[in-house]
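Going down the list, the sequences are from chains G and L. Its first residue numbered 113, the first sequence is counted upward by one per residue in my numbering. Its first residue numbered 113, the second sequence is counted upward by one per residue in my numbering. For each residue, glycine too, the CB sits at the ideal point set by N, CA and C. Written out below as structure tokens is the structure these notes cover.
There are 2 protein chains.
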Amino acid sequence: MTAGELDFWSFVELANTRLTAEFGFSHQLATEVLLTLNRASNVITYDLEATVHRPRGRSWSGFRLLFVTWLAGPLEAKKAAELTGMSRAAVSNLAKTLVDDGMLERTPGEHDGRSVLLSLTERGQAEMVEVFRAQNEREHEWAGVLTETEQRILVMLLNKLITDRARFRGRT
Amino acid sequence: MTAGELDFWSFVELANTRLTAEFGFSHQLATEVLLTLNRASNVITYDLEATVHRPRGRSWSGFRLLFVTWLAGPLEAKKAAELTGMSRAAVSNLAKTLVDDGMLERTPGEHDGRSVLLSLTERGQAEMVEVFRAQNEREHEWAGVLTETEQRILVMLLNKLITDRARFRGRT
DNA sequence: AGCAGGTAGTTTATGTGTTAACTACTTGAG
DNA sequence: CTCAAGTAGTTAACACATAAACTACCTGCT
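This is the structure in structure tokens:
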């Protein structure tokens, strides 16, 4: 029982076996789904951050905030938090550094004195086009190991997995 | 073009449209796959951390490290880093606090004076059984919106997506 | 009008992640 | 045998996440 030769997949197999045989847990498939889901997400995110964003002096979260702001136009900080899946505090902190970097602009909301509208500066827009070109190429390489049909099925299954999450009272 | 009514899904649709029509990017399906993958992973991870681990005074990463140590027996810090997908530094820091909490034990490696073996204390083992019971129930609720066949397909597609990642030179 | 309660955003404290630089040990070529 | 190179782990500096406390503003009931 040396752990020496384990990799992620043989670990999942080992976990399945021990959780069932030794501990009597019954939902191993659920465990496997979620282990694999997290693994896949982390591996790919790490790769995109390391190859596309860090070399350009940008972080993964910075990119996410710029991405939604780029495409969803000027939007409130709250909306940006929802779309990126971050907390409002995270958007607030991140926006501060992106404004300092000359990528983002913050203007007070028109109809509501509390709200702040985020939008890209001209430089921000230009940079997003370039950065997204690089990211999209890399995304294509990753997704390309699946056929188009497989990709569509994957998206469908993932959406099904989280669409119904209102059952659990969540942050969003 | 108010951003006011956007949710995650209509944002993905908007992104697809604008990236194609306005900017001429060609791999929207890849973008959609990866946006959805990350979203699903983050939503579920956040839920498990908030409902299962934080109430017990434990973090998501703490759980991951304890989980692999629990099931893959005493293992080297390096191996733990591989299996959890963390950096070695992260394992080192996290182990420190888990040792202080009385969950983990660190013993010097037998054959290699540099290495450290991580293993659970008795209390750690008992707690993992209880914590995993709660997590497994919650996992089952999440995965349960998919049929068993759908879950197997999802696992297969996710594995296919990352198995071949040796093409990209990655951390692991 | 005025105040209670709700909402948007920021700040603060804390925890955790990363990379890079460091220490300590092992290994193998000469 | 010795020393250069490699490897395991830790530490340090920094980036970024959260929850909770706080400020400022809006809204609607009386």
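ask   = With 16 as the cutoff for other CB atoms within 10 Å, does L:M268 come out buried or exposed?
value = Stepping through the second sequence from its first residue, residue 268 of chain L is reached at position 156. Burial state of L:M268 is exposed, judged by a 10 Å Cβ sphere holding fewer than 16 other Cβ atoms.
query = Under the three-state reduction of DSSP, which class applies to L:L266: helix, strand or coil?
reply = Reading the second sequence from its first residue, position 154 is the one you call residue 266 of chain L. In this structure, DSSP gives L:L266 a helical state, which the three-state scheme calls helix.
query = What is the residue span of the alpha helix (DSSP H) that L:S286 lies within?
reply = The requested residue 286 of chain L is not part of the displayed model; chain L covers only 113 to 284.
query = Within 8 Å (strictly less), CB to CB, does L:V241 reach chain G?
reply = Within the second sequence, the letter at position 129 stands for residue 241 of chain L. Judged by the 8 Å Cβ criterion, L:V241 is in contact with chain G.
message = Along the segment 140-165 of chain L, where does the CB come closer than 7 Å to a CB of chain G? Name the residues.
response = Under the 7 Å Cβ criterion, the segment 140-165 of chain L contributes L141, A142, T143, E144, V145, L146, T148, L149, N150, R151, A152, S153, N154, V155, I156, T157, Y158 and D159.
query = How should G:N205 be labelled, buried or exposed, when 16 other C-beta atoms within 10 angstroms of its C-beta is the threshold for buried?
reply = Here residue 205 of chain G refers to the residue found at position 93 of the first sequence. Under this definition G:N205 is an exposed residue.
request  = In the DSSP assignment, find the unbroken beta strand (DSSP E) run with G:L229 in it and report its ends.
outcome  = Residue 229 of chain G sits at position 117 when you count from the first residue of the first sequence. Annotation: the continuous beta strand (DSSP E) that includes G:L229 extends over V228 to L232.
task = Please list, in chain order, all residues of the same chain as G:A246 whose beta carbon is under 7 Å from its beta carbon, the five residues on each side excluded.
result = In the first sequence, residue 246 of chain G corresponds to position 134, counting from 1. Correct list, in chain order: V164.
Residues near G:E251 by beta carbon distance below 8 Å, same chain, minus five either side = The residue given as residue 251 of chain G occupies position 139 in the first sequence. Answer for G:E251: L160, listed in chain order.
ask   = Which residue's Cα is closest to the Cα of L:T143: L:N154, L:T129, L:I156 and L:V155?
value = Along the second sequence, read from residue 1 onward, the residue named residue 143 of chain L stands at position 31. Among L:N154, L:T129, L:I156 and L:V155, the Cα nearest to that of L:T143 is on L:T129.
message = So for G:E117, helix, strand or coil by DSSP?
response = Locating residue 117 of chain G in the first sequence gives position 5, where the first residue counts as 1. Coil, per DSSP.
message = Which residues does DSSP list as the beta-bridge partners of G:R218?
response = Within the first sequence, numbered from 1, the residue matching residue 218 of chain G stands at position 106. BP columns for G:R218 point to G:L230.
request  = Can you check DSSP and say which residues form a bridge with L:E188?
outcome  = Reading the second sequence from its first residue, position 76 is the one you call residue 188 of chain L. The partner list for L:E188 (beta bridge, DSSP) reads L:L229.
query = Relative to chain L, which residues along the segment 194-207 of chain G have a C-beta separation below 8 Å, given in chain order?
reply = Result list: E194, L195 and G197.
request  = Round the Cβ separation of L:F123 and G:V180 to the nearest angstrom and send it over; I've been treating them as touching at under 8 Å.
outcome  = Start at 1 with the first residue of the second sequence, and residue 123 of chain L comes out as number 11. Start at 1 with the first residue of the first sequence, and residue 180 of chain G comes out as number 68. About 7 Å; that satisfies the 8 Å criterion.
key: Straight-line gap, G:K190 to G:E260 (C-alpha atoms, nearest Å)   = Counting from 1 along the first sequence, the entry for residue 190 of chain G is found at position 78. Counting from 1 along the first sequence, the entry for residue 260 of chain G is found at position 148. Roughly 34 Å between the two C-alpha positions.
task = Please check if any C-beta of chain L sits within less than 8 Å of the C-beta of G:L210.
result = Along the first sequence, read from residue 1 onward, the residue named residue 210 of chain G stands at position 98. Output row for G:L210: interface = no.
message = Any contact between the segment 164-179 of chain G and the segment 227-242 of chain G? By contact I mean 3 or more CB pairs, one from each, below 8 Å.
response = Using a C-beta cut-off of 8 Å, the segment 164-179 of chain G makes contact with the segment 227-242 of chain G, since at least three inter-stretch Cβ pairs fall below that distance.
inquiry  = Counting only C-beta atoms, is L:A127 closer than 8 Å to chain G at any point?
reply    = Numbered from its first residue, the second sequence carries residue 127 of chain L at position 15. Yes, L:A127 lies at the interface with chain G (some Cβ there is under 8 Å from its Cβ).
key: Closer than 8 Å to chain L by CB, G:D224   = Position 112 of the first sequence holds residue 224 of chain G. Answer no: the Cβ-Cβ gap between G:D224 and chain L never drops below 8 Å.
ask   = Run through DSSP, which three-state label would L:D212 get?
value = Within the second sequence, numbered from 1, the residue matching residue 212 of chain L stands at position 100. For L:D212, the three-state secondary structure derived from DSSP is helix.
key: Neighbour list for L:F175 in chain G, Cβ cutoff strictly below 7 Å   = Residue mapping note: residue 175 of chain L aligns to position 63 of the second sequence, counting from 1. Per Cβ cutoff of 7 Å: no residues; L:F175 is ~12 Å from chain G at best.
request  = Return yes when the Cβ of G:L141 is within less than 8 Å of the Cβ of L:K272, no when it is not.
outcome  = Sequence index remark: in the second sequence, residue 272 of chain L carries index 160 (1-based). Sequence index remark: in the first sequence, residue 141 of chain G carries index 29 (1-based). No.
Nearest-angstrom Cα separation, counted from G:E234 out to L:L183 = Locating residue 183 of chain L in the second sequence gives position 71, counting from the first residue. Locating residue 234 of chain G in the first sequence gives position 122, counting from the first residue. Going by the C-alpha atoms only, they are around 52 Å apart.
Below-8 Å beta-carbon distance, G:V267 vs any chain L residue = In the first sequence, residue 267 of chain G corresponds to position 155, counting from 1. Yes, because at least one Cβ of chain L sits closer than 8 Å to the Cβ of G:V267.
task = To the nearest angstrom, report how far apart L:L147 and L:G214 are at their CA atoms.
result = Position 35 of the second sequence, counted from the first residue, corresponds to residue 147 of chain L. Position 102 of the second sequence, counted from the first residue, corresponds to residue 214 of chain L. Straight across, the Cα-Cα distance linking L:L147 with L:G214 is about 39 Å.
query = Using CA coordinates, which residue listed in L:E188, L:E222 and L:W172 is at the minimum distance from G:E117?
reply = Translated into the one-based positions of the first sequence, residue 117 of chain G becomes position 5. Check the Cα spacing between G:E117 and each of L:E188, L:E222 and L:W172: the tightest is with L:E188.
task = Consult DSSP for L:M198 and reduce its assignment to one of helix, strand or coil.
result = The residue given as residue 198 of chain L occupies position 86 in the second sequence. It is coil, neither helix nor strand.
task = May I ask you to report which of helix, strand or coil DSSP gives G:H165?
result = On the first sequence, residue 165 of chain G is found 53 positions in, with the first residue counted as 1. Here G:H165 carries a helix assignment [DSSP, helix/strand/coil].
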